[in-house]
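K.L.:
Residue numbers (our numbering): 575 to 890.
Glycine included, each C-beta is placed from N, C-alpha and C at the ideal position.
All of these numbers come straight from a predicted model, not from anything done at the bench.
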Amino acid sequence: MLSFLDMVNHYLGYINVSVKIKNRIYVVLGALGDIYLFYIAVRYLQNGHPFWGLLILLIALVLLYFVYLNTVYFFTKKKAPFDISPKIEKMLHMKPKEAEEEKPRRTMGGRNIPANGYFDEKKILPGKLTSTPSEQANIQNLAGRLQQNQLLQMDYSGLGDREITEQTRQTGKPVYASGPGALIPYFEMQTENNQLAVYAGINQAEKQRVGVVSTVGLQNVADVRDQIELYLANATLVGGPFKVLGRTSVIEQANDFQVAVQLAYKHQGDTASTATSTDRMTRESTATSRRARYDNDAPQTETESEPMTRTSRYHH
575 MLSFLDMVNH YLGYINVSVK IKNRIYVVLG ALGDIYLFYI AVRYLQNGHP
625 FWGLLILLIA LVLLYFVYLN TVYFFTKKKA PFDISPKIEK MLHMKPKEAE
675 EEKPRRTMGG RNIPANGYFD EKKILPGKLT STPSEQANIQ NLAGRLQQNQ
725 LLQMDYSGLG DREITEQTRQ TGKPVYASGP GALIPYFEMQ TENNQLAVYA
775 GINQAEKQRV GVVSTVGLQN VADVRDQIEL YLANATLVGG PFKVLGRTSV
825 IEQANDFQVA VQLAYKHQGD TASTATSTDR MTRESTATSR RARYDNDAPQ
875 TETESEPMTR TSRYHH
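Here's what the structure looks like:
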């Protein structure tokens with residue numbers, strides 16, 4: 575019986591259902607297991623083993639109490655009477671699981687707005703950032719500072735190895751510890767030696783140069799700067815350690831962090847040629863993003879040493 579419950583619990587981790595439904599299933603499984611303990615206790619008592627029978631019976635009664643608490647919590651909206659959970663949390667120095675409250679954000683229409691302001695999505699193109707070794711070191715230092723200030727969570731978006739295994743089997747792509755990445759708190763773009771240099775940091779005082787924008791959309795920056803004005807719309811820290819599917823289980827591999835950027839543009843003039851050139855860049859960038867979604871190649875190492883499966887929409 576216990577082996578059966580353990581098997582059900584094992585395979586339940588592969589089912590993509592809501593947390594509430596999964597918890598209800600766990601409560602039912604726990605109740606079945608508790609009933610089985612009562613059966614074992616009775617059999618021990620009938621066979622002349624009062625010590626083990628009473629001990630198992632006592633354990634079953636304690637577990638029955640917790641099954642009752644979980645039943646009230648997950649199946650009703652009431653609070654169970656005689657709930658000793660707060661005392662246990664206080665004794666073990668555990669924090670109670672409160673309802674998640676969204677942190678105050680500068681939003682518009684329920685969407686995050688970077689520190690640089692809001693730009694029309696129709697006029698935003700992905701850019702490619704080229705970094706020198708020293709700039710790469712600045713990016714890794716930035717990742718460390720974000721983690722120190724709890725602005726970057728390296729928890730694989732809360733996924734366990736079972737969920738990661740299922741996801742990698744379905745997509746064939748790695749799963750990153752940083753999840754979708756983290757929006758960098760402060761970033762700016764400056765013109766230096768006729769290049770667009772990007773600076774980033776947790777604040778303006780700690781900003782460091784992290785690279786130079788080499789392409790926007792599918793064209794070199796030098797080829798379009800005389801036609802449109804470019805602005806840094808957002809900068810996101812991506813990459814880092816990731817897990818891929820091995821022979822029997824997922825394995826974690828080290829990898830450098832990268833800075834992915836997107837640039838907003840504005841016409842310098844209202845000529846038809848300028849509009850046509852910009853529209854062509856937008857269409858090409860959109861086509862590239864669509865192709866990137868179907869890219870199932872294994873992680874590859876480039877100059878930035880980052881798997882292609884994650885940031886191809888920024889680098890291509």
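Have a look at the DSSP bridge pairing and note the partners of Val833.
P.N.:
Paired residue(s): Leu811.
K.L.:
Who are the Cβ neighbours of Gln721 in its own chain at under 7 angstroms, not counting the five residues just before and after it?
P.N.:
So the qualifying residues of the chain are Met728.
K.L.:
Taking 8 angstroms as the cut-off, decide whether the C-beta atoms of Leu804 and Val835 are in contact.
P.N.:
No, these two residues do not count as a Cβ contact at 8 angstroms.
K.L.:
Hey, how far is the Cα of Leu703 from the Cα of Val824?
P.N.:
If you take the alpha carbons of Leu703 and Val824, they lie about 30 angstroms apart.
K.L.:
In three-state terms, what does DSSP make of Asn597?
P.N.:
Asn597: helix per DSSP, three-state reduction.
K.L.:
Between the Cα of Gly734 and those of Asn723, Tyr750, Leu606, spot the shortest distance and give me the residue it belongs to.
P.N.:
When each option's Cα is compared against that of Gly734, the closest is Tyr750.
K.L.:
Please state if the CB of Val641 and the CB of Gly701 are separated by a distance shorter than 8 angstroms.
P.N.:
Cβ atoms of Gly701 and Val641: not closer than 8 angstroms.
K.L.:
Compare the Cα-Cα distances from Asn808 to each of Gly755, Glu780, Asp800, Asn768 and report the closest residue.
P.N.:
The shortest C-alpha separation from Asn808 is found at Gly755.
K.L.:
Tell me whether Ala838 sits in a helix, a strand or coil according to DSSP, three-state version.
P.N.:
Note: Ala838 maps to strand in three-state DSSP.
K.L.:
What whole-angstrom Cβ distance do Ala774 and Val833 have, given they're in contact under 8 angstroms?
P.N.:
Sure, about 6 angstroms apart at Cβ, within 8 angstroms.
K.L.:
Between which two residues does the alpha helix (DSSP H) carrying Tyr760 extend?
P.N.:
Tyr760 -> not in any alpha helix (DSSP H); beta strand (DSSP E) instead, spanning 760–766.
K.L.:
Can you grab the Cα-Cα spacing for the pair Asn597 / Leu606, in whole Å?
P.N.:
Going by the C-alpha atoms only, they are around 14 angstroms apart.
K.L.:
Is Ala751 helix, strand or coil when you go by DSSP?
P.N.:
Three-state DSSP puts Ala751 in coil, outside helix and strand.
K.L.:
Please determine, among Ile802, Ala828, Gly820, Thr822, the residue with the shortest C-alpha to C-alpha distance to Gly814.
P.N.:
Ranking Ile802, Ala828, Gly820, Thr822 by Cα distance to Gly814 puts Ala828 first.
K.L.:
Got a sec, what are the start and stop residues for the alpha helix (DSSP H) Ser708 sits in?
P.N.:
Where Ser708 is concerned, the enclosing alpha helix (DSSP H) stretches over 707–722.
K.L.:
So, does the segment 766–773 touch the segment 783–795, judging by three or more C-beta pairs under 8 angstroms?
P.N.:
Enough Cβ pairs lie closer than 8 angstroms, so yes.
K.L.:
With a threshold of 7 angstroms (Cβ to nearest heavy atom), would Lys651 be considered close to the ligand ZN?
P.N.:
Among the ligands in the structure shown, none appear at all, so the ligand ZN cannot be discussed.
K.L.:
Count the other CB atoms within 10 Å of the CB of Phe649; is the residue buried (16 or more) or exposed (fewer)?
P.N.:
Exposed: under 16 other Cβ atoms inside 10 Å.
K.L.:
Would DSSP call Phe640 helix, strand or coil?
P.N.:
Three-state result, Phe640: helix.
K.L.:
Work out the CA separation of Gly820 and Val616 for me, nearest whole Å.
P.N.:
Straight-line Cα distance between these residues: approximately 46 angstroms.
K.L.:
Please report how far the alpha carbon of Leu732 lies from the alpha carbon of Ser708, in whole angstroms.
P.N.:
This sequence places Gly at residue 732; Leu is not what is there. C-alpha separation (whole angstroms): 32 angstroms.
K.L.:
CB Ala654 to CB Leu643, shorter than 8 angstroms?
P.N.:
Yes, they are a contact pair.
K.L.:
Starting from Ile738, trace the alpha helix (DSSP H) both ways and give me its first and last residue.
P.N.:
It spans 735–745 - the alpha helix (DSSP H) in which Ile738 sits, taken as one unbroken run.
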